[in-house]
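Colleague: So the mapping is simple: the working numbering equals the position in the sequence shown, first residue as 1, plus 294. The beta-carbon is built from N, C-alpha and C at its ideal position, and this holds for glycine as well.
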Amino acid sequence: MTHITDAVVIGGGPVGLATALSLEKVGLCVTVLERAPLSVWEEPSFDGREIALTHSSIRILKECKAWDHIPQSVICPLREAHVETGRFRHPLTFDTNGHGEEALGWLVSNNHIRRALFAAANEKQRIHLQPHTQVETVRQGQDYAAVHYSGGQIKARLVIGADGRFSPTRRRAGIGAVVHDFHKSMLVCRMAHESPHHNIALQWFDEGQTIALLPVNGMASSLVLTLPANEIQRLMATPRDAFNTEITQRVGARLGQMRLVSTRHAYPLKSVYAHRFTGRRLALVGDAAVGMHPITAHGFNLGLKGQETLAQCVRTAFNTQADAGNAYALRQYERQHRLATALLFAGTNGIASLYTHDALPFKPIRQACIRLADRFTPFKQAVTTLLMDKKTIA
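#1: Once the 5 residues before and after residue 633 are set aside, which same chain residues still bring their CB inside 8 Å of it?
#2: Please report the straight-line C-alpha distance between residue 298 and residue 355, rounded to a whole angstrom.
#3: Report buried or exposed for residue 475, applying the criterion of at least 16 other Cβ atoms within 10 angstroms of its Cβ.
#4: Exposed or buried, what is residue 627 when buried is set at 16 or more other beta-carbons lying within 10 Å of its beta-carbon?
#5: Go to residue 333, then tell me how far its alpha helix (DSSP H) extends in each direction, as first and last residue.
#6: I need the straight-line Cα distance from residue 485 to residue 501, nearest angstrom please.
#7: Is the Cβ-Cβ distance between residue 326 and residue 303 less than 8 Å?
#8: Specify, as a first and last residue, the run of the beta strand (DSSP E) that residue 430 falls within.
#9: If distances are taken between C-alpha atoms only, which option among 573, 427, 487 comes closest to residue 306?
#10: Do you know offhand how far residue 631's Cα is from residue 488's?
#11: My parser needs the beta strand (DSSP E) runs of 3 or more residues fully inside the segment 305–384; what are they?
#12: Tell me the DSSP secondary structure of residue 686 in three-state form.
#13: Ends of the alpha helix (DSSP H) at residue 529?
#14: Taking the C-alpha atoms as reference points, what is the distance between residue 317 and residue 490?
#15: Between residue 688 and residue 596, what straight-line distance do the alpha-carbon atoms span, to the nearest angstrom?
#16: Scan the segment 552–594 and note each continuous beta strand (DSSP E) run of 3 residues or more that stays entirely inside, going in chain order.
#17: Within 10 Å of its beta-carbon, does residue 557 have 16 or more other beta-carbons around it, so buried, or fewer, so exposed?
#18: Are the segment 524–542 and the segment 414–433 touching by the rule of at least three beta carbon pairs closer than 8 Å?
#19: Answer yes if the segment 458–478 comes into contact with the segment 325–345, meaning at least three C-beta pairs across the two stretches below 8 Å, and no otherwise.
#20: Decide if residue 684 is buried, meaning its Cβ has at least 16 other Cβ atoms within 10 Å, or exposed.
#21: Among residues of its own chain, excluding the 5 on either side of residue 583, which ones have a beta-carbon nearer than 7 Å to its beta-carbon?
#22: Nearest-angstrom Cα distance between residue 339 and residue 365?
#23: Expressed to the nearest angstrom, what Euclidean distance is found between the alpha-carbon atoms of residue 411 and residue 360?
#24: CB residue 309 to CB residue 456, shorter than 8 Å?
#25: DSSP three-state call for residue 616: helix, strand or coil?
#26: Touching or not, the segment 548–565 and the segment 520–534, by the rule of three or more beta carbon pairs under 8 Å?
#27: Jot down the residue ranges of each uninterrupted beta strand (DSSP E) in the segment 469–505, minimum 3 residues, whole runs only, in chain order.
#28: Can you name, in chain order, every residue of its own chain whose Cβ lies under 6 Å from the Cβ of residue 611, other than the five neighbours on each side?
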């Protein structure tokens with residue numbers, strides 16, 4: 295049996311669900327196809343990742359009514375961010391002084407964001423959520439795209455690939471991507487500690503390791519530890535007491551003794567930039583389009599902005615021509631999202647390379663950059679504005 299709808303979103307993660315909500319808001323009927331069973335989709339488990347949401351992302355989540363489903367008790371304001379390198383303890387500091395805001399952003403666990411977006415989408419009559427669905431092929435026709443999946447077929451004016459940085463949808467469409475393998479993995483988990491974090495995030499480029507400590511409510515922080523993959527696998531299997539001791543030593547006991555209070559999760563470090571964001575009757579969003587290195591915390595925020603751009607481009611075509619997959623609208627999305635991401639992607643990869651190599655001349659260059667940057671007020675203000683991202687998309 296063949297169903298017909300305005301748009302199909304392949305991938306029901308946070309950006310996929312946000313895309314469905316944004317397209318529904320402009321009047322489209324949307325079907326979301328997700329591989330996971332319903333129980334996992336509607337109640338995702340903790341995956342270790344804390345998302346630093348910008349002001350723009352909070353606005354988007356509020357507008358699609360997902361923010362209402364996130365308990366205030368799990369939202370932690372980020373008041374300052376410190377960047378350090380090696381044993382050079384002169385941090386580059388970013389705060390909201392002079393910006394008239396209480397926080398640079400807000401930290402929320404990824405599973406809470408996913409749960410909230412699912413709940414918001416589940417309330418919309420024009421959004422059909424279809425779990426436990428494996429997409430087999432996507433045929434991009436002149437007037438419609440046909441999505442064949444386990445158990446049926448659906449035709450839509452527009453198909454959106456939101457299925458991750460190694461997107462099968464992107465591969466099926468013959469769209470290549472720049473893949474930057476950093477040959478490292480990151481371990482993420484939540485650690486309790488003796489000293490308060492004062493709502494300060496730390497990014498520490500130490501010799502042989504990179505550590506981020508992200509504040510969460512209470513006397514705890516999210517640990518993001520980047521090391522070679524074999525070291526991460528060793529730490530994943532290290533007994534809890536030995537793990538606590540090693541992590542306390544690795545972070546220099548700066549928050550006192552640390553204690554594991556969550557499950558541990560490991561992820562390979564690879565960034566991805568698609569050669570194209572669109573095709574005939576097709577658009578890529580989120581990590582399927584741009585998968586960022588997490589060093590600047592822009593990944594999910596860029597995904598939210600990108601899907602908002604897509605919805606705004608589609609809205610005009612849908613209102614004037616009743617065609618959500620209009621080629622001109624997709625070209626507009628491609629152009630705008632590429633302008634918003636290309637330099638940031640390249641710059642983030644450059645920073646990650648500079649700050650994770652310990653050989654000469656990288657180390658003295660890093661120290662000099664941090665010292666100069668902390669003294670150059672216009673630079674700090676520009677970076678703070680970028681981190682907060684208070685601007686809306688016209």
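Modeller: On the basis of the supplied data:
#1: So the list is empty, once near-sequence residues are dropped.
#2: Looking at the two C-alpha atoms, the distance is approximately 28 Å.
#3: Exposed, by the Cβ-count rule.
#4: Classification of residue 627: buried, given that the 10 Å Cβ count is 16 or more.
#5: For residue 333, the enclosing alpha helix (DSSP H) starts and ends at 332–336.
#6: Each residue's Cα considered, the two are about 22 Å apart.
#7: Yes, the pair counts as a contact, with Cβ atoms nearer than the cut-off.
#8: For residue 430, the uninterrupted beta strand (DSSP E) run begins and ends at 429–434, by DSSP.
#9: Nearest option by C-alpha distance: 427.
#10: If I take the Cα positions, the gap works out to 43 Å.
#11: The segment 305–384 contains these whole beta strand (DSSP E) runs: 324–327, 344–347, 370–372, 374–379.
#12: Legend: pLDDT at residue 686 = 41, less than 50; position of this residue unreliable, value from coordinates given subsequently. Of the three classes helix, strand and coil, the one that applies to residue 686 here is coil, per DSSP.
#13: Here the alpha helix (DSSP H) through residue 529 covers 523–531.
#14: CA-to-CA, the gap between residue 317 and residue 490 works out to about 42 Å.
#15: Its pLDDT being 33, under 50, residue 688 is placed unreliably in this model, and the coordinates cannot settle the point.
#16: 552–554, 559–568, 576–578, all fully within the segment 552–594.
#17: Per the 10 Å Cβ criterion, exposed.
#18: The segment 524–542 is not in contact with the segment 414–433.
#19: In short, these stretches do not touch, since the Cβ pair count stays below three.
#20: Exposed, since its Cβ has fewer than 16 Cβ neighbours within 10 Å.
#21: Only 568, 571, 600, 631 meet the Cβ criterion.
#22: If I take the Cα positions, the gap works out to 16 Å.
#23: Those two C-alpha atoms are separated by around 5 Å.
#24: The criterion of a C-beta distance shorter than 8 Å is satisfied by residue 309 and residue 456.
#25: Reduced to three states, the DSSP call for residue 616 is coil.
#26: The segment 548–565 is in contact with the segment 520–534.
#27: As far as the segment 469–505 is concerned, its whole beta strand (DSSP E) runs of at least 3 residues are 471–487, 494–500.
#28: Excluding the 5 residues flanking it on each side, residue 611 has same chain C-beta neighbours closer than 6 Å at 617, 620, 623, in chain order.
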